[in-house]
Amino acid sequence: MPEAAVIEPNRLCGVQEMEIVVNGPDGANRLFICSGIAEVEVGGGEPHPRWEQVFLQFDVGREFDPGKERVLKTISTASIGGVRSDGVPNFVGWRVYGAAADLEEKNHRVRMNIAIGSRDSQAFLEQVVYTVHILAYVPD
-18 MPEAAVIEPN RLCGVQEMEI VVNGPDGANR LFICSGIAEV EVGGGEPHPR
32 WEQVFLQFDV GREFDPGKER VLKTISTASI GGVRSDGVPN FVGWRVYGAA
82 ADLEEKNHRV RMNIAIGSRD SQAFLEQVVY TVHILAYVPD
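Just so it is clear: in the sequence shown, position 127 is 108 by this note's numbering, and no numbers are missing.
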């Protein structure tokens, strides 16, 4: 399989964020939960039918102050939210290969990385549903 492209969503919708005070491991005192839907358009590859895999990347949640706050752990999930087929696809398929999230050092936000794919040139993956749990230390 050729190297996968990195894409950004067309838009994020239904974005929700929650901050919960916790007494967690390693001094964690906050749990941030970020969820929403990433709208994309990922079609299958040519020659027909070939899997087209891409890496979907975008930032979630608040900006963390690197001098005072620490992101201790992230847990992320992703699933297929919406698909489309044009015409009559023969070997249609859609897939979420995996999801991961980690603190991006440049902008101090958590970056979501989701590996997704579509098979058949008439099959399109249009929405990916995501959730990220961020365990952090934030001074009171």
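Virtual Cβ for every residue (Gly too), placed ideally from N, Cα, C.
Own chain residues within Cβ distance below 8 Å of E44, not counting five before or after: Mapped onto the sequence shown, residue 44 falls at position 63. Correct list, in chain order: N88, H89, R90.
Can you tell me whether D101 is helix, strand or coil according to DSSP? Looking up residue 101 in the sequence shown gives position 120. In the three-state reduction of the DSSP assignment, D101 falls in the coil class.
Could you spell out the range, first to last residue, of the beta strand (DSSP E) harbouring E22? Residue 22 sits at position 41 when you count from the first residue of the sequence shown. Residues 11 to 24.
Using 8 Å as the threshold, is the C-beta distance between D67 and Q34 below it? Residue numbering aside, residue 67 sits at position 86 when the sequence shown is read from its first letter. Residue numbering aside, residue 34 sits at position 53 when the sequence shown is read from its first letter. The answer is no: Cβ separation not under 8 Å.
Output the boundary residues of the beta strand (DSSP E) element that contains F36. Taking the sequence shown and counting its residues from 1, the one referred to as residue 36 is at position 55. It spans 32 to 41 - the beta strand (DSSP E) in which F36 sits, taken as one unbroken run.
Could you spell out the range, first to last residue, of the beta strand (DSSP E) harbouring A(-15)? Counting from one through the sequence shown, the residue named residue -15 turns up at place 4. Element bounds for A(-15): n/a, residue is neither H nor E.
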